[in-house]
Structure formats: structure tokens, C-alpha cells
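Data first, discussion second: the structure below is written as C-alpha cells.
Residue numbers (my numbering): 4 to 117.
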């Protein structure tokens with residue numbers, strides 16, 4: 004009979020751990036909205052800032068690039084900066100998720116759904 008009670012205690016621990024993990028995941032989702040990264044192109048002439056969730060929040064364009072008649076170059080620089088910011092946002096989100104899983108005793112590279 005004691006064996007059955009031990010199983011219940013283990014199940015309770017697992018349920019508690021799952022609830023803790025759910026809470027930490029929810030907090031991480033909120034944190035990713037406030038962590039920002041900056042991508043750039045053209046040696047810093049164009050900078051795009053995004054949250055770690057990938058939401059673009061700011062665009063900074065050096066006025067010197069507007070002296071060119073080459074509109075397509077400017078557009079390419081803007082797109083490159085945005086793509087760089089998005090890539091950095093994805094990398095930062097993975098880094099934060101890795102910290103969370105590692106802190107919970109799970110493999111750092113474990114892919115948890117977000």
C-alpha cells in the first residue's frame with residue numbers, strides 16, 4: 004500500500020513541476036516582449052530595433068544615404084537591417100529559452116513550444 008502512496012507523491016511532484024514550468028514559460032513570453040535587439044546594415048547606416056519576439060519597434064536611418072539617387076540601395080539597406088534584427092530576435096529568444104530549460108534541469112537545446 005505504501006508503494007501506491009509513493010506513486011501519488013511522485014505524480015504530485017510532476018504536476019507541481021509542470022505548473023512551475025508553465026508559469027516560467029508565461030513569464031518568458033512577457034520578457035521577450037521587453038528584450039530588444041538591434042540589427043544593422045550598411046556599416047550602421049540603417050539600424051532596425053525589434054523585440055525578442057520579432058516585433059519591429061524602431062528604424063534609424065542615417066540621413067547621408069538619402070543623398071544618393073539610388074532608391075533601391077536604400078530599400079535594400081532597410082530590408083537588410085530589418086532581417087538582421089529579426090535574426091537577432093530569434094537568436095535571443097532561443098538563448099532565453101535555453102536559460103530557462105537549463106535552469107529547470109532540462110537540456111539547453113530542448114525545443115519547448117512557445
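Quick reminder that beta carbons are idealized off the backbone N, C-alpha and C, glycines included. Because the structure is a prediction, the values reported are computed rather than measured.
A Cβ-Cβ contact shorter than 9 Å links residue 43 with residue 51. Closest by C-alpha distance to residue 25, out of 110, 104, 111, is 104.
DSSP places residue 35 within a helical segment (H, G or I) once states are collapsed to three. Within the same chain, Cβ atoms closer than 6 Å to the Cβ of residue 64 are found at 49, the five residues on either side in sequence being excluded. Between residue 91 and residue 40 a beta carbon distance of about 4 Å is seen, short of the 8 Å cut, so the two are scored as contacting. Look at residue 59 here: in three-state DSSP terms it is strand. Selection 46, 100, 13, 69 evaluated against residue 84 yields 46 as nearest (Cα-Cα). Under the three-state reduction of DSSP, residue 53 is assigned to strand. If you draw a straight line from the Cα of residue 106 to the Cα of residue 27, it comes to about 10 Å. Bounds of the alpha helix (DSSP H) holding residue 79 are 74-106. Our two residues, residue 86 and residue 93, have alpha carbons roughly 11 Å apart in a direct line. Residue 45 carries a coil assignment under DSSP once its states are collapsed to helix, strand and coil.
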